[in-house]
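Protein chains in written order, with my numbering: chain R, 2 to 815; chain U, 691 to 1055.
Have a look at the structure below, then the notes.
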Amino acid sequence: MKCAKIDDTSDFDDVVLLSQVSDILIDFLPGIAARLVVIAVDDQKCGHRIVTGCVKAWARFVSLLLRNYDPVEEPPKLEELLVANHEISNKKSNEIHDEKLALCADLLMGLTAHEHATVRHQLAMSSKLLIDTVFLTLPATSSKIIEILIVLNQDTEHKETAEIASAALADVTNKLIEDTFRTRTFVDNLHQLFHRHLTHLPNVFNGLNTRDQLTDVSLLTGYLQLFAQSSQLKSVLFNSTNLYKLIGCLLYVAEVDKSDVSGLEEHKLHDWKDVPDCATPWKRLKCNNIRIQEQLESAAHHLAQSMIADIVLDYLLDVYHHDVERKAEATLLMNEILSVARLDKAKDVMDAYLDPHNWQLTLSVGNGTSLKDVQINIIQLCLQLEGIGKIALAYKEEFQLFLLRVLYAVLERAGSAHPLLQSAGLVCTANISMACGYTSVTDLINRNADYFAYNVTNKLRRRAENASVLSVLTVVMRHSNMEVLPSIADIIEGVLLQSCDKFQDENAAAYLQVFAAFIKSLHAWLNVCVVIAPVITKREQEEKQEVVRRLQWEELNKPVDLSDDIMEGTADDEIVMEEELNDDNNQPEEFVKPPPPKHIQLLVKILERSLHFLPAKNTNCKIFVLEILTSGVEVLKDYEDELLPIVHKVWSPLVNRFRDFDSPLVVNLSFILLSTLGRLSKDFIRMRTVKEVLPSINQLLIEQSKESYLKDRGSAYRYTQAYKMQMSILTGSARLAYDLELDEKIDIILPGIEEYLCSKQPVPLQEAAMNFYRHLHHFDPDYGTTIIRNLNERRKHDDWNRNLNILLSITQVH
Amino acid sequence: MAVLPPDPLFRFKSDYGHLHTLCFMEPECDAEDKDEIDSKLQKLSVIDGAVAEQPKKTLLLAAGENGMVYFFDLESNRLIYKQGMGVSIQAVHTYQEAVIIQEKQGLVSIFKRSSDLTYEKTTTLPCASGFCKTLRSNHKLIIPQENAAVDIYDLKTHSQLQRLQIQSSHGCKDIPTCLHDAINPQQLGQLMCLEVGMLFTRTSQLHQDYEELIFAGFETGDVFLWNLTSGVLVAHAKFNECIISITYDSIAGKGVVGGAGGVLQVFGVERSTMTMKPLCELTLTNEGCQVVRVRKDRKILVCGGFDGRTRIYSWKTLRLLAALTENHACVTDIQFSEQVVPQWGSQIMAVSGADGIITIWNLYK
C-alpha cells in the first residue's frame, strides 16, 4: 500500500504524483486486484479486519490506477484523433481492465451480506470512492459497484452504511441527469445488468435462501428507484421485454399464499373501527418475509410515481382479467401502485373489481366449488376490498363521486359472514370514511343513505340474485343510529309495499327477515330492554289493596269527591270490551293525542303486515312472524294506544297456532309470544286466554306427556323441539298465570301439568312442573295447598309419589 | 311477467310533489345547430360572467305542481339547488344559462342566472293556459296560444317570429288544400300537445337541407301539421279523442300519438304529397298514455302511462321490450339527454312521475 501511495497517510490530492505512480503500477493491476479480492471473499472465518483492509486496498488501488485524471475531456478534434493513437490504445486498455475488474466487483457483491458491519461499511466507503473516481473510465465495473451500493442502501442493521450508500446513489443519479452523453455506456451497462437481474430473479425465488431473495428484491427496488429518480424508467420500461419481465418478476415475488384460509362462516358482527386497522391478515406472501413484502411494495410505489404507471396498470389489468393463476398477485400489485398517487386508471381498476364477475364470487363449497376455490375467492375479494380502500385514500374527497357504486358493494362485504372478508370490508369502509372526510362510519352511512337506499331497494327486488342484501341492511342498521331512520324507513316502506304484491309468497321470508332486522335495530336504538317485574304474592297484593281501599274510603267520606267510579273494579271484562271497541273505531275524542313517532307508526305497520303471514303454510314464515311479533310488541310497550290494537289483531291468528300440534317450535314460539303479550297487556287478554288457549295447552301437555314418557335416560328426546316446547310451557305457565291474574282459572291446564309429576318423565320436565306448583303456592299459599292436597288425594300412580311428597312437604312448612 | 324489468341507474326520491316536467341542462348547446358560430359567441359572453368558474356539469331539472324547480347534479346524483319559480309548472327548458318555465295558468317566464347563483326572472311571454307543454327547438320556443294558434319565439331576442293558425272557413278565403272539410278552430277543444319534426329536402348530392315541421294535437283528436319554414298548414289527420302526446321520427317519417284511450296510434307522413295518415295501433295493458317519445337514435319508442309504467317498445318492430315499474303514479315526462353524461358514460333517459319519483336509465343501447 505504501509503495502504491494508498495507505491512510497518503495525500490523495496530489494529482501529479498519483498520476506518476499509476503509470508505474498499471502493469501490476490485474494480479494485485485479483489477489486482493480473492483474499477478501475467500473465507468468512478470517478476521473482519483483513477483509476490510483488502476491500479498502482494492478500491484505492483501482481508483489510483484508473481514475480519470483528465476531468475536462473535450470532444477530440479530427487531427488530434489521428495523432493521438496512443490515447485510443489507452482507452482500449481501460476497456480490458474494466472487463476484468467487473468480475472482481461481482465477487465483492458477496460481501454485501457479510456478517460484520465494519466490512459492509468499508464496502460502502470503497464503493463510493470508486464511483467518485472511476465512474466514467470503468462503466462496467461502476454498474456492478452501483448494484453493491443499492444492496447496501437497504442495510437496516448498520445505519451509517445505508446512509453512505444512499449518498453515493444520489450522486450517481445527479450525474446521470446532468450528463447524459458521457454516461451513456454506463447506463447501457446498467440496463443490461437490470435485464440480467430480472432473468435471474425467479430462480432465486425458486430456491429457499431468504437472504438471497431479500437481496435480490432489494436490488430490484433499488434499480427502480435509481431509474425513477434519474427519469430513466420510461426508457427502460418502454422496452416491452423489460416491462413484461419486470412485471413477471414482481408477480412472481408477490405470490400470495391462498391456503390456510377458513371457508367457514361466522355469524357474528364486529364493531366498526373508526381508526382503520392496518393489519391485513389476508395478504400473506408465499415467501413469508415482511421485508421482502416491504421491498415489493416500495418497488410498486416507484412504478406509480413514474410516467409509465398507466402502461403497467394496463398490463396488470390484462393479467387480472385473463390469468387466473396470477389474478391475486396482479391485484396486490395494482393496489400498491394505486395507493401512492391519484391515478386516473384507478377508475378502470375499480370497475374491474366491482364487476359482478369479479365481485360476486362463490363463497360456499359445493356445486362444483372446492374449498380451494373458496379460499382463493376470499383472498381475492379481500385484496379487492383493500384496493378500493387504498384508492379511496389516494383520491381523498374526490372519492365521494364513486360512493353510489362502491358503498353498497363494500358494505355488502362488511356484512359478510366470513371473518376475513368482514374485516377487510370494515377496514375498507373505515378507509373510505376517512378519505371522504367523514367523522365516522356512522356519519358516512347516514350522509349517504340515499345511495345506499337506492341500491338496497334494487337488490331487494331481485333477492334471489342478491341474497346478501339483507345482511347489508342488517349491518347498516346495526351500525347506524336513529339519524338514518328516514331512509331506512323508506326502504322498509318499500318492502312493505312490495310485500303486498301478489308475488309475496316467494319472498315472504326475505321481507320478514328485513322486518326482523329492523325491529332488532329499533331495540338497539331505543335501548329497549325486557323488564320483568318481581312477583308480588297475593297476600301482598291484598295488603296493598287494603291500603288503597282504606284511602279510598277516607276519600269517599270526604263530601265533595264524586270520582269514585275510577277505582271500581280493576279488571272488569266489560271495560276491556269497551276499550276494544274504542280502539277498533279509533274515533278521536275531544283531546287528540299527538301521533306516535314515525318509527312507531312504521313498526305498527310492520307488525300488521307480518300478521298476514302468520297463518301461512310455510313454517319458516310462521316462526319469523312469531319472533317479529314478540320483539315488536316489546318496543311498543310504552305506546299503549298502539299496543292494544295490535294485541287484539294478533289474537285470532295466534290462537290457532296452539293447534298446530305437529310443529312444536311454532307452539313454543307462540307460547313465548303469549307470555310476552301477557306481560305487556296484562288482563287485556285474560278472558280470551282462559277460553281459547288454556284448553289447547292442556290438551297439548297431555298428549306430549305420552311422547316424553320413559324417554329420558339415553334418549335424544331432550334435543327435540317437542321437549323444548314442553319445557317452555311448564316453566312459563306460572308467570303467565300471574301476569294475567288467572287465579283459579289456571285449573284448566292442571291436568296437563300434573302428568309431568310422574317420575318416568324427563327429569328437567319434572322439575319444571314442580316449580310450577311451587310458584303457585308462593303466590297464593291457600290455593296452592288446596291444589296439592287435591293431587295427593287423587294420586293416580305410584310413580308420582316422590314428587308429590316433596310438594306436600312445602305445604306443610306453612 | 317472466323477466323482471331492469334497474334504473339511479332513483331520486324525496318530497318533490307532483312533477310535470324534466329537462337536461347540458354543458354545451346542440352542435348541429344552424347558428353554431352565433351560439358560440353567445357562450363566450356567458363565460365572462360568474358562471364560468365552475366546470360545467350535466344537470337534470325537474319541476311540477309545487312550483319549485329542482336542479339535480348528475355527477353526484344529488339535489344541488332548488328555487320556487312559479305555480304549477308545466314545462321547463334551458337555453344556454337561462331557465324557461311555463305555468299552467299561462305565461312563460325566462329566468337568467344572477351572480349569487340564484335565478331572476327577466322576461315573460304570453301563453295559453292548459296542459299543452311548450317546446324548445334550438333557438326557437314554440308556445301554444288560445284559439288553436301556435306562436314561435326567438330565444335570443325574445321576439315573436311567427304565428301559426288554422284559418277558419269564414275567416280566410282559401282553405288549405289538406283540409277536406272546413274546420272551425273553436270546435277543436284545447290544444294538447306539440311536436317538432324535420322534412329533409335534398338540394344537391352532398348537401341536405331541411324544413321544420310542427305538429299540434287537439282534444278532439285532430292533428295539424305546419311547415314552419314556409308557415303553411300542410296536413291534417284525425285520431282518437283526447290526444295527450305526439312524437315524430323525422328520418322514418313516422310518429306516434298517445292519449287517454287504450291504444297508441302510429302514423306516417307521406313526404312527397305531405299527407298524414294512421298506420297501426298498439294496445296498452292499462288505458292512458301521458307521454310518448321516440329516442333520437330511433331504436326505441317509450310510452309513459297513467298506470305509472314506462313501456319500452322497439321502434322498428313495435314489440314491447320492457315495462319499467319504478313509478307508482302516472308517468309525467320522459326526456333523453342530448349528450353523454360523463358519470354514466352514456346518453341517458330520465322519467318523472306524479308520485315525485325521478329515475334515470341507460337502456337498449
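Even glycine gets a Cβ: it sits at the ideal position worked out from N, Cα and C.
| field | Cβ of L498(R) within 9 Å of any chain U Cβ | value | yes
| field | Pick from N207(R), I520(R), I686(R) that is closest to V656(R), judged by C-alpha positions | value | I686(R)
| query | With 9 Å set as the bound, which would you pick, yes or no: does the beta-carbon of Y396(R) sit closer than that to a beta-carbon of chain U? | reply | no
| query | What is the DSSP secondary structure of K811(U), reduced to helix, strand or coil? | reply | strand
| request: Give the interface partners of Y455(R) over in chain U, defined as CB-CB distance under 7 Å, in chain order. | output: F700, R701
| Close-in-space but distant-in-sequence residues of the same chain around K274(R) (CB under 8 Å, 5 per side omitted) | Low confidence applies to K274(R): its pLDDT is 42, below 50, so where it sits in the model is not reliable enough to give any reading.
| Within the 9 Å Cβ cut-off, does S664(U) reach chain R? | The structure shown does not extend to residue 664(U), since chain U spans only 691 to 1055, so no value can be given for it.
| request: Flag this pair as yes or no: are the beta carbons of E1(R) and I607(R) separated by less than 9 Å? | output: Not covered by the structure: residue 1(R). The range shown for chain R is 2 to 815.
| Local Cβ density within 10 Å of S540(R), reported as buried at 16 or more and exposed below that | Note that residue 540(R) is Arg in the sequence shown, not Ser. Exposed, since its Cβ has fewer than 16 Cβ neighbours within 10 Å.
| message | When you compare the CB positions of N190(R) and L170(R), do they come within less than 9 Å of one another, or not? | response | no
| With a cut-off of 8 Å, do at least 3 Cβ pairs link the region 723 to 739 of chain R to the region 654 to 669 of chain R? | yes
| query | Using a beta-carbon distance below 9 Å, is R999(U) in contact with chain R? | reply | no
| task | Note the first and the last residue of the continuous alpha helix (DSSP H) segment covering C970(U). | result | Looking at the DSSP string, C970(U) is not in any alpha helix (DSSP H); the run it does join, the beta strand (DSSP E), is 965 to 973.
| With a CB to CB cut of under 8 Å and the five nearest residues on each side skipped, what residues in its chain are close to T930(U)? | Looking at the sequence shown, residue 930(U) is not Thr but Asn. So the qualifying residues of the chain are G911, V947, G949, G951, V953, Q955.
| query | Which whole-angstrom value is the C-beta distance of F801(U) and E810(U), which I expect to be below 8 Å? | reply | 6 Å
| message | Going by DSSP, what residue range makes up the beta strand (DSSP E) through S1042(U)? | response | 1039 to 1043
| Option in L699(U), D697(U), L709(U), R701(U) with minimal Cα separation from G653(U) | Because residue 653(U) is not part of the residues shown, which for chain U are 691 to 1055, the question remains open.
| said: Between D345(R) and chain U, is the shortest Cβ-Cβ distance under 9 Å, so that the two count as touching? | reply: no
| request: Would you mind stating whether V605(R) and I647(R) have Cβ atoms separated by less than 9 Å? | output: yes
| Burial state of R462(R) (16 or more Cβ within 10 Å) | buried
| Can you tell which of L404(R), F614(R), L221(R) has its C-alpha closest to the C-alpha of N447(R)? | L404(R)
| field | Within chain U, partners of N459(R) - CB distance below 7 Å | value | D697
| message | Which residue wins for smallest C-alpha separation from E756(R), given the options H303(R), S434(R), Q767(R), I533(R)? | response | Q767(R)
| query | Where does E704(R) land, buried or exposed, given buried means 16+ other C-beta within 10 angstroms? | reply | exposed
| Cα separation between L270(R) and M478(R)? | At L270(R), the pLDDT of 45 sits below 50, so the modelled position is not reliable; the number obtained from the coordinates is stated separately. Approximately 12 Å, taken between the alpha carbons.
| query | How would you call Q193(R), buried or exposed, if buried means at least 16 neighbouring beta carbons within 10 angstroms? | reply | exposed
| In this structure, does DSSP put F228(R) in helix, strand or coil? | helix
| task | Identify the contact partners of N767(U) in chain R, using a Cβ-Cβ distance below 7 Å as the criterion. | result | L405
| Per DSSP, which one or two residues make a beta bridge with G949(U)? | I933(U)
| query | When the Cα atoms are used, what is the spatial distance from T1015(U) to G1043(U)? | reply | 11 Å
| task | Inspect the beta-carbon positions of L384(R) and K284(R) and report whether they are closer than 9 Å. | result | yes
| task | Using a Cβ-Cβ cut-off of 9 Å, state whether D491(R) counts as contacting chain U. | result | yes
| Just how far apart, CA to CA, sit Y720(R) and L552(R)? | 54 Å
| Can the beta-carbon of T937(U) be found closer than 9 Å to that of R701(U)? | no
| field | Minimum Cβ-Cβ distance from Q1025(U) to chain R less than 9 Å | value | no
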